[in-house]
Amino acid sequence: MLRWNGYGEETITFPLSDSAKSYFSKILGGPKSPPDVERSAVIIPPPCHFSKTHPLLQFDDEIRLRHARGQSFPDLAAKRFGEFSRFPDAVAFPESESDVNELLAWAKHVGVQLIPFGGGTSVVGGINPISHEEDDRPVLTLSLARLNALRNLDKTSRLATFGAGTQGPHIEAQLRAHGFTLGHYPQSFEHSSLGGWVAARSSGQQSLGYGRIESLFAGGKIETPSGRITLPTLPASAAGPDLRQLILGSEGRLGIITEAVVRVSPVPETESFYGVMFPDWPTGIDAVREAIQSDIPLSMMRLSNPTETEAFLNMPAHQNQVDLLRALLRWRNFTSENCLMLFGVSGSQRMTKFARQAMVSLARQRQGLWLTEIVGRQWAKTRFRSAYLRDTLWEHGYAVDTLETAVSWSMIPKASQVILHALADAGSPVWPMVHLSHIYHDGASLYFTFFFRVGATLEETMLRWRALKEAGSKAVMSVSGTITHQHGIGTDHRLYLAQEKGALGMEVLKTVQTILDPLGMMNPGKLM
Ligand SMILES: Cc1cc2nc3c(=O)[nH]c(=O)nc-3n(C[C@H](O)[C@H](O)[C@H](O)COP(=O)(O)OP(=O)(O)OC[C@H]3O[C@@H](n4cnc5c(N)ncnc54)[C@H](O)[C@@H]3O)c2cc1C
Numbered sequence: 121m122l123r124w125n126g127y128g129e130e131t132i133t134f135p136l137s138d139s140a141k142s143y144f145s146k147i148l149g150g151p152k153s154p155p156d157v158e159r160s161a162v163i164i165p166p167p168c169h170f171s172k173t174h175p176l177l178q179f180d181d182e183i184r185l186r187h188a189r190g191q192s193f194p195d196l197a198a199k200r201f202g203e204f205s206r207f208p209d210a211v212a213f214p215e216s217e218s219d220v221n222e223l224l225a226w227a228k229h230v231g232v233q234l235i236p237f238g239g240g241t242s243v244v245g246g247i248n249p250i251s252h253e254e255d256d257r258p259v260l261t262l263s264l265a266r267l268n269a270l271r272n273l274d275k276t277s278r279l280a281t282f283g284a285g286t287q288g289p290h291i292e293a294q295l296r297a298h299g300f301t302l303g304h305y306p307q308s309f310e311h312s313s314l315g316g317w318v319a320a321r322s323s324g325q326q327s328l329g330y331g332r333i334e335s336l337f338a339g340g341k342i343e344t345p346s347g348r349i350t351l352p353t354l355p356a357s358a359a360g361p362d363l364r365q366l367i368l369g370s371e372g373r374l375g376i377i378t379e380a381v382v383r384v385s386p387v388p389e390t391e392s393f394y395g396v397m398f399p400d401w402p403t404g405i406d407a408v409r410e411a412i413q414s415d416i417p418l419s420m421m422r423l424s425n426p427t428e429t430e431a432f433l434n435m436p437a438h439q440n441q442v443d444l445l446r447a448l449l450r451w452r453n454f455t456s457e458n459c460l461m462l463f464g465v466s467g468s469q470r471m472t473k474f475a476r477q478a479m480v481s482l483a484r485q486r487q488g489l490w491l492t493e494i495v496g497r498q499w500a501k502t503r504f505r506s507a508y509l510r511d512t513l514w515e516h517g518y519a520v521d522t523l524e525t526a527v528s529w530s531m532i533p534k535a536s537q538v539i540l541h542a543l544a545d546a547g548s549p550v551w552p553m554v555h556l557s558h559i560y561h562d563g564a565s566l567y568f569t570f571f572f573r574v575g576a577t578l579e580e581t582m583l584r585w586r587a588l589k590e591a592g593s594k595a596v597m598s599v600s601g602t603i604t605h606q607h608g609i610g611t612d613h614r615l616y617l618a619q620e621k622g623a624l625g626m627e628v629l630k631t632v633q634t635i636l637d638p639l640g641m642m643n644p645g646k647l648m
């Protein structure tokens, strides 16, 4: 059973070790139990009246509650304080394209807002009904959960066709049964869907090896209020602009992705993850850039700044391993400026051996301390579990959120400094840190995590969060970074999109949206 007021399965938690508890006490003060309402205390108003109903609609309160908010920090706070603002009036679970089309026709006729819902893991308000003041039409949330099967696998072309609601573990299980993998692993892998990945331009932790979703998404079907768009699956085409690029990142505004064809790869013969400690942030950045620009075939690489490295060392599952590591760092005269790099190799024995050796030699040239496979293995073991930390922290009175951007290499040092300072100066006690998370030839994404304290009320908590979010987002804009590298726009980044696209660019997007959705019924208030 999924948590109604947090992330993931109710039976899974991410407990704080003793050293993690004392770390948080040191950076933010002692723990405190914040308000945390019981499920029975949440008031769910009756649904709005539809002028005509439809047999696929469900009005059950529990279902409406579980489709009301996503997984952003404001969503978590709203759930924990029991103040949801608005619920969908009905939820539908179509089982076929024809069900989707029937619902679209009904929605047009009745005059409702329609929100496509994949796994509901949006961290930018992507699946939340907007306020009555912004749009008073009744809300139908359309879950793709039942369009969840592998429909075709062309092993020769390495193309797999899935229903868009298929979630990460199901995708991998079905492909691996045939010896293939998609290799797309966002941290939310266990609960997010293929359609959601495409609609929000997601990036998996191993995008370095397998590519982001935009290179994996080869084609598909999109049902729009104006009709179906079929994106043919072609290896390449010079036939004008690529319409796939319009659907990628469309966030439910242009239509409902019902089917997606993805490029798959054979399951790698071997896969390992390693850690290297660099003496400081500039040395680490140079090492990461050199590794990528010299085309060492890695599947994953990230580099934590000193604050994040220290946080990592304070969350151990095995304290004795960390004690050993700290002793080793002291022996090598590493200071508190240490930066942890993690990287992964996936593929044939021969290729991964070559990549590993190339990394050993690069680490040696850059005064890096090789940490063997233990650190990398620990990361891999908790790569999806660490998503549960946010709920544990909340229960101790601590809040955590993230902010991400991407800039070119020449801007990386300045951008990381400017954004960290902006977060640190944004009022309430805050503890910001950063890592390079997705690496490209010309630049990288910067992924910021910031810890602060939960307030006594929702209002106080949101005031603190808003100050941090606004300061961080403005700092991102000031260094000409993208407002989002992988999380999308939703409602939370809407304000900043025009600066990135330009006025004419926004006109183009709005015109396309008006053609495909003349009534403006598709996920209003998101993206634009
Ligand atoms: C703990 C955690 C970790 C995360 N880590 C990552 C990460 O590593 N990388 C990353 O990229 N993101 C990450 N995310 C963000 C989120 O998981 C992604 O944005 C993901 O792509 C959303 O997929 P979903 O199926 O949950 O979509 P939803 O949240 O259901 O929807 C997201 C948006 O897409 C639209 N949409 C969904 N399905 C369809 C469809 N079939 N047709 C049309 N529109 C649709 C929705 O209307 C909404 O606007 C994380 C989120 C959490 C909570």
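Just so you know, we're using the working numbering here: the sequence shown kicks off at 121 and counts up by one.
Just so you know, even glycine gets a beta-carbon here, dropped at the ideal spot from N, CA and C.
Once DSSP output is grouped into helix, strand and coil, what is the label at G467? By 1-based counting over the sequence shown, the position of residue 467 is 347. The answer is strand: DSSP assigns G467 an E or B state.
For D400 and R450, I'd like the C-alpha separation in whole angstroms. Walking along the sequence shown from the start, residue 400 turns up at place 280. Walking along the sequence shown from the start, residue 450 turns up at place 330. Their backbone Cα atoms lie some 14 Å apart in a straight line.
Whole-angstrom Cβ separation of L513 and A519, contact assumed at under 8 Å? Within the sequence shown, the letter at position 393 stands for residue 513. Within the sequence shown, the letter at position 399 stands for residue 519. Contact flag correct, Cβ pair sits at about 7 Å.
Note the first and the last residue of the continuous alpha helix (DSSP H) segment covering K341. Here residue 341 is taken as the residue at index 221 of the sequence shown, counted from 1. No alpha helix (DSSP H) contains K341, which is instead part of the beta strand (DSSP E) from 337-344.
With L262 and P214 assumed to form a contact (beta carbons below 8 Å), what rounded beta-carbon distance in angstroms separates them? Stepping through the sequence shown from its first residue, residue 262 is reached at position 142. Stepping through the sequence shown from its first residue, residue 214 is reached at position 94. Confirmed, about 7 Å.
Can the beta-carbon of S251 be found closer than 8 Å to that of R206? In the sequence shown, residue 251 corresponds to position 131, counting from 1. In the sequence shown, residue 206 corresponds to position 86, counting from 1. R206 sits close to S251, with the two beta carbons spaced by under 8 Å.
To the nearest angstrom, report how far apart E580 and L647 are at their CA atoms. Residue 580 sits at position 460 when you count from the first residue of the sequence shown. Residue 647 sits at position 527 when you count from the first residue of the sequence shown. Using only the alpha carbons, I get a separation of about 27 Å.
Under the rule that 16 or more other beta-carbon atoms within 10 Å means buried, what is P249, buried or exposed? Counted from its first residue, the sequence shown places residue 249 at position 129. Flag for P249 reads buried.
Per DSSP, cross-strand counterpart(s) of A140: In the sequence shown, the residue the question calls residue 140 occupies position 20. Partner(s): none; A140 has no beta bridge.
Collapsed DSSP secondary structure at Q191 in the structure displayed: Indexing the sequence shown from 1 puts residue 191 at position 71. Correct three-state label for Q191: coil.
Using a Cβ-based criterion (distance less than 7 Å to any ligand heavy atom), does V243 qualify as near ligand 1? As a first step, residue 243 must be located in the sequence shown, where it is residue number 123. Yes; taking the cut-off as 7 Å, the Cβ of V243 has a heavy atom of ligand 1 nearer than that.
E389 and Q498: beta carbons closer than 8 Å? To locate residue 389, count along the sequence shown from 1; it is residue 269. To locate residue 498, count along the sequence shown from 1; it is residue 378. Contact: no.
Rounded distance between the beta-carbons of W529 and G488, thought under 8 Å: Your numbering for residue 488 matches position 368 in the sequence shown. Your numbering for residue 529 matches position 409 in the sequence shown. No, G488 and W529 are not in contact; Cβ-Cβ is about 19 Å, not under 8 Å.
How far does the alpha helix (DSSP H) with E654 in it reach, from first residue to last? Any question about residue 654 goes unanswered here, given that the chain covers just 121 to 648.
Can you check whether the CB of T241 is closer than 8 Å to the CB of S308? One-based indexing of the sequence shown puts residue 308 at position 188. One-based indexing of the sequence shown puts residue 241 at position 121. Yes, they are a contact pair.
Bridge partners for T522 per DSSP, in chain order? Here residue 522 is taken as the residue at index 402 of the sequence shown, counted from 1. Its beta-bridge partners are T569.
Kindly list the residues whose CB is nearer than 7 Å to the CB of I559, restricted to its own chain and excluding five residues on each side of it in sequence; keep chain order. Here the question's residue 559 lines up with position 439 in the sequence shown. The residues are L328, V408, I412, M421.
Any idea if R446 is buried or exposed, counting beta-carbon neighbours within 10 angstroms, 16 or more meaning buried? Reading the sequence shown from its first residue, position 326 is the one you call residue 446. Exposed, by the Cβ-count rule.
Flag this pair as yes or no: are the beta carbons of P552 and F570 separated by less than 8 Å? Taking the sequence shown and counting its residues from 1, one reaches residue 552 at position 432. Taking the sequence shown and counting its residues from 1, one reaches residue 570 at position 450. Yes; because the gap between Cβ atoms is below 8 Å, this pair is in contact.
Any heavy atom of ligand 2 closer than 7 Å to the CB of S313? With respect to ligand 2, the structure offers nothing, as its ligand set consists of ligand 1.
Could you name each continuous alpha helix (DSSP H) segment of 4 residues or more that falls completely within the segment 615-646, going from the start of the chain to the end? For the segment 615-646, whole alpha helix (DSSP H) runs of length 4 or above, ordered along the chain, are 623-636.
Can you give the Cα-Cα distance for A542 and D195, rounded to whole angstroms? Start at 1 with the first residue of the sequence shown, and residue 542 comes out as number 422. Start at 1 with the first residue of the sequence shown, and residue 195 comes out as number 75. Their backbone Cα atoms lie some 24 Å apart in a straight line.
Backbone secondary structure at H555 - three-state DSSP: The residue labelled residue 555 in the question sits at position 435 within the sequence shown. Correct three-state label for H555: strand.
Should E158 go down as buried or exposed, given a rule of 16 or more other Cβ atoms within 10 Å for buried? Along the sequence shown, read from residue 1 onward, the residue named residue 158 stands at position 38. Its Cβ having fewer than 16 others within 10 Å, E158 is exposed.
Just to confirm before moving on: does the CB-CB distance between R383 and L336 stay below 8 Å? By one-based count along the sequence shown, residue 383 stands at place 263. By one-based count along the sequence shown, residue 336 stands at place 216. Yes.
Which residues mark the beginning and the end of the beta strand (DSSP E) in which G288 is found? Here residue 288 refers to the residue found at position 168 of the sequence shown. Not the beta strand (DSSP E): G288 falls in the alpha helix (DSSP H), residues 288-296.
Can you have a look at G372 and say buried or exposed, based on whether 16 or more other CB atoms are within 10 angstroms of its CB? One-based indexing of the sequence shown puts residue 372 at position 252. So G372 ends up on the buried side.
Would you check if the distance between the CB atom of A380 and the CB atom of G331 is smaller than 8 Å? For the purposes of this step, residue 380 is identified with residue 260 of the sequence shown, where counting begins at 1. For the purposes of this step, residue 331 is identified with residue 211 of the sequence shown, where counting begins at 1. Contact flag unset, no.
Near ligand 1: P236 beta-carbon under 7 Å from a heavy atom: Looking up residue 236 in the sequence shown gives position 116. Yes - ligand 1 has a heavy atom lying nearer than 7 Å to the Cβ of P236.
For I635, does the count of other Cβ atoms within 10 angstroms reach 16, so buried, or fall short, so exposed? Indexing the sequence shown from 1 puts residue 635 at position 515. Of the other Cβ atoms in all chains shown, fewer than 16 fall within 10 Å of the Cβ of I635; this residue is therefore exposed.
For W490, which residues of its own chain have a beta-carbon under 7 Å away from its beta-carbon, when the five flanking residues on both sides are left out? Within the sequence shown, numbered from 1, the residue matching residue 490 stands at position 370. Closer than 7 Å at Cβ, skipping near neighbours: V396, V480, A483.
Ligand 1 and N434: does any heavy atom of the ligand fall closer than 7 Å to the residue's C-beta? In the sequence shown, counting from the first residue as 1, residue 434 sits at position 314. No, the Cβ of N434 stays beyond 7 Å of every heavy atom of ligand 1.
Could you give the C-beta distance for P208 and A188, rounded to a whole number, given that I count them as a contact under 8 Å? Numbered from its first residue, the sequence shown carries residue 208 at position 88. Numbered from its first residue, the sequence shown carries residue 188 at position 68. Confirmed, about 6 Å.
Element boundaries [beta strand (DSSP E), containing M531]: Residue mapping note: residue 531 aligns to position 411 of the sequence shown, counting from 1. No beta strand (DSSP E) contains M531, which DSSP labels as neither H nor E.
Starting from D181, trace the beta strand (DSSP E) both ways and give me its first and last residue. Along the sequence shown, read from residue 1 onward, the residue named residue 181 stands at position 61. Here D181 belongs to no beta strand (DSSP E); instead the alpha helix (DSSP H) covers 181-186.
Chain-order list of residues whose beta-carbon lies under 6 Å from that of V259 (same chain, five-residue window excluded): Within the sequence shown, numbered from 1, the residue matching residue 259 stands at position 139. Short of 6 Å from the beta carbon of V259, and not among the five residues preceding or following it, lie these beta carbons of its own chain, in chain order: P208, D209, Q233, P249.
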